[in-house]
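Remarks on the structure that follows.
Residue numbers (the numbering used here), protein chains in the order written: chain A, 9 to 313; chain B, 20 to 343.
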């Protein structure tokens, strides 16, 4: 079994002792069953992923054609496409990025570089961010509705409203990952900069932040890929609409790909399920690309200090 | 995402290079040397940090105001203990228990999948897998957590339900909480696995070596030394899994059914709290009407439930961070 190979043992120093304790003890029926159960546990996750990918590909591959990109939704499945939903997703996620990235990075810089952790307010902020990252997504839709009402905006189904909900949703993700990236920058870099006369803010802007950039990019991309796949908060903002035009501005009506998939899945006819599967393949393709890019940036550019 | 909760929980402030103060270096130096305009920039950064508090306050206020209107018309006791949820009927009844039972069933089923398999995967990754296997498997497993939830909903409704009903012969409604819960469980496996694995990796190698020196094999070491030592972290992982299951919306909305009823078996369909909110949002209810406020009463309950669960998890994570 691969588990007991010398390479496996050598790969991790803390396990060396265990692997030299002799094979016989590791071969008792109980341990063999135990290892098999562990394999099974991993397998459940992977099997689900494979089944899900196969299912959507089998159902939707035939419908993943040009019409999906160029046509508007229609009550006749063969003529329907996801054009406004694709454009809507671009608008909403693009606006989300513009709102969430500067605010998240700025907040993280303050908390990591300038805040005094002994003050109660900053401790409240810490716990608050941890909690926010686990608040159900749909609640952010209700919050965005409240904010729009407060601003006196009558129309709730507008790009900026959706972006507001998603930006608040992914703000904790960006905050937390940016803080981790800043934390990984060694103190000596900051000290060196301060020693030659830079102010703390100059140090942060010219030394610390550039050094942390790969980590910031990774966290940001992961946050945006979450925003791209999220549907629940946008349902509350009336995202499930029948659009026969391209969304073209911050105040434009919108629908997004996940909501279009939800709509098509909820219909009884199998033709619409094909469309839902085709759009799912497209959506997952983008999400996988974004996740892949995030992992690549992390592995390629992140310095080990 | 959820593993990041684990990471925020406190760090050793080792930055100040001298003196008894534990304030960050920047904060101290700042007082003596500030360029013009820098205090304004700093204030802006501070404002961005405080925005997260404003979001929480905003959530509470925007849920509370309509919910209070609701509770002016429907007594809190009736809301929390009533077993009929019929806000749209002529003889409207506002007992939230049907929604709560549906949420509870979906969550229990999801945990029945995610807890054993998530912890099993974590034990394998932390105690058995060679480094290279671990660095390959983890991103693939995390991909599962990155699948958009609508796609999981599609999968639950159009693949898992037919599989359970036609191939395995289980009696099921077309919309049922069993499929929704099972798929939700698979979705949560990476969350549980990743936080549990963090906790197990934080257990010092000396404990494993001591155990091996006493003659324990790898299984005995994992089960009797590592898992107990990482226990608070594993519980935190489960608690965060609960929070995700309770708050998950699209899977249960698509595959779990829309009828609000007291759920007695998982083969039944039933609207969860989140599914009710999502479906009610699709309808056109006038702002300020009782029907509209109902949404916020349920939303407030959902927020309160997940808040309690999250705070428990944050405390547990903090504890395992401090242990080693």
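No residue lacks a Cβ here, since even glycine has one placed at the ideal position from N, Cα and C.
None of the values given here were measured: they were computed from a predicted structure.
Proximal chain A residues relative to residue i, where beta-carbon distance stays under 7 Å
i	result
residue 330 of chain B	139
residue 128 of chain B	Near residue 128 of chain B there are no residues of chain A at all, since even the closest Cβ is about 14 Å away, more than 7 Å.
residue 65 of chain B	118
residue 252 of chain B	Correct list: empty, because the minimum Cβ distance to chain A is about 15 Å.
residue 90 of chain B	Ordered by position in chain A, no residue passes the 7 Å Cβ test against residue 90 of chain B, which lies about 17 Å from the chain.
residue 288 of chain B	Per Cβ cutoff of 7 Å: no residues; residue 288 of chain B is ~14 Å from chain A at best.
residue 140 of chain B	49, 50 and 53
residue 82 of chain B	150
Cross-chain neighbours of residue i in chain A, by beta carbon under 8 Å
i	result
residue 178 of chain B	59, 60 and 63
residue 338 of chain B	Near residue 338 of chain B there are no residues of chain A at all, since even the closest Cβ is about 14 Å away, more than 8 Å.
residue 172 of chain B	270 and 273
residue 96 of chain B	Under the 8 Å cutoff, chain A gives no residues; its nearest Cβ is about 24 Å from residue 96 of chain B.
residue 322 of chain B	143, 144 and 147
Spatial distance of residue i from residue j (CA atoms)
i	j	result
residue 7 of chain B	residue 235 of chain B	Within the shown structure, residues of chain B are numbered from 20 to 343, placing residue 7 of chain B beyond reach of any answer.
residue 138 of chain B	residue 254 of chain A	46 Å
residue 268 of chain A	residue 211 of chain A	46 Å
residue 78 of chain A	residue 213 of chain B	40 Å
residue 147 of chain A	residue 318 of chain B	7 Å
residue 32 of chain A	residue 237 of chain B	12 Å
residue 250 of chain B	residue 201 of chain A	43 Å
residue 239 of chain A	residue 94 of chain A	13 Å
residue 169 of chain B	residue 61 of chain B	41 Å
residue 120 of chain B	residue 265 of chain B	11 Å
residue 65 of chain B	residue 137 of chain A	14 Å
residue 310 of chain B	residue 50 of chain A	45 Å
residue 141 of chain B	residue 52 of chain A	13 Å
residue 134 of chain B	residue 54 of chain A	16 Å
residue 100 of chain B	residue 313 of chain B	15 Å
residue 124 of chain A	residue 256 of chain A	44 Å
residue 291 of chain A	residue 119 of chain A	34 Å
residue 220 of chain A	residue 250 of chain A	43 Å
residue 125 of chain B	residue 272 of chain B	12 Å
residue 295 of chain A	residue 225 of chain A	15 Å
residue 117 of chain B	residue 98 of chain B	11 Å
9 Å Cβ cut-off: residues of chain B touching residue i
i	result
residue 43 of chain A	143, 147, 237 and 238
residue 266 of chain A	167, 168, 169, 170 and 269
residue 194 of chain A	Result: empty, since nearest Cβ-Cβ is about 10 Å, beyond 9 Å.
residue 54 of chain A	156, 159, 160 and 163
Own chain residues within Cβ distance below 6 Å of residue i, not counting five before or after
i	result
residue 163 of chain B	209
residue 267 of chain B	203
residue 69 of chain A	none
residue 256 of chain B	211, 214 and 215
residue 185 of chain A	227
residue 153 of chain B	144
Assigned exposure category for residue i - 16 Cβ within 10 Å defines buried
i	result
residue 130 of chain B	buried
residue 102 of chain B	exposed
residue 171 of chain B	buried
residue 160 of chain A	exposed
residue 40 of chain B	Reliability of the predicted coordinates at residue 40 of chain B is poor, the pLDDT of 39 falling under 50, and the value obtained from them is presented with this limitation in mind. Exposed, by the Cβ-count rule.
residue 128 of chain A	exposed
residue 181 of chain B	exposed
residue 91 of chain A	buried
residue 42 of chain A	buried
residue 38 of chain A	exposed
residue 89 of chain B	buried
residue 303 of chain B	exposed
8 Å Cβ cut-off: residues of chain B touching residue i
i	result
residue 133 of chain A	68, 69, 71 and 72
Residues near residue i by beta carbon distance below 8 Å, same chain, minus five either side
i	result
residue 85 of chain A	277, 279, 280, 282 and 283
residue 178 of chain A	104, 108, 112, 231, 232, 234 and 235
residue 82 of chain B	315, 318, 319 and 322
residue 172 of chain A	107, 152, 155 and 156
Residue i CB to nearest heavy atom of the ligand MG below 6 Å
i	result
residue 215 of chain B	Looking for the ligand MG in the displayed structure turns up nothing, as the structure carries no ligands at all.
Cutoff 7 Å; reference residue i; Cβ partners in own chain excluding five residues on either side
i	result
residue 304 of chain A	none
residue 288 of chain B	192, 194, 195, 196, 275, 276 and 278
residue 153 of chain A	164, 244 and 245
Cross-chain neighbours of residue i in chain B, by beta carbon under 7 Å
i	result
residue 299 of chain A	162 and 165
residue 34 of chain A	236 and 237
residue 295 of chain A	165 and 167
Where residue i meets chain A, residues with beta-carbon distance less than 9 Å
i	result
residue 57 of chain B	207, 208, 209 and 210
**Prompt:** If you measure beta-carbon to beta-carbon, which residues of the region 254–278 of chain B are closer than 8 Å to chain A?
**Reply:** 259, 262, 263, 265, 266, 267, 268, 269, 272 and 273
**Message:** Under 8 Å, CB to CB, which of the residues in the region 222–238 of chain A have a partner in chain B?
**Reply:** 230, 233, 234, 236, 237 and 238
**Item:** Members of the region 113–124 of chain A that neighbour chain B once the beta carbon cut-off is set at 9 Å
**Value:** 113, 114, 115, 116, 117, 118, 119, 120, 121, 122, 123 and 124
**Message:** Give me the subset of the region 195–229 of chain B whose CB atoms are less than 8 Å from a CB atom of chain A, sorted by chain position.
**Reply:** 202, 205, 208, 209, 212, 224, 227 and 228
**Item:** Contacting positions in the region 71–93 of chain A - beta carbon closer than 9 Å to chain B
**Value:** none
**Asked** What residues from the region 246–265 of chain A come within 9 Å of chain B, judged by C-beta to C-beta, listed N to C?
**Response** 246, 248 and 265
**Item:** Residues from the region 291–323 of chain B in contact with chain A, defined by Cβ distance under 8 Å
**Value:** 293, 296, 297, 300, 301, 306, 314, 315, 318, 321 and 322
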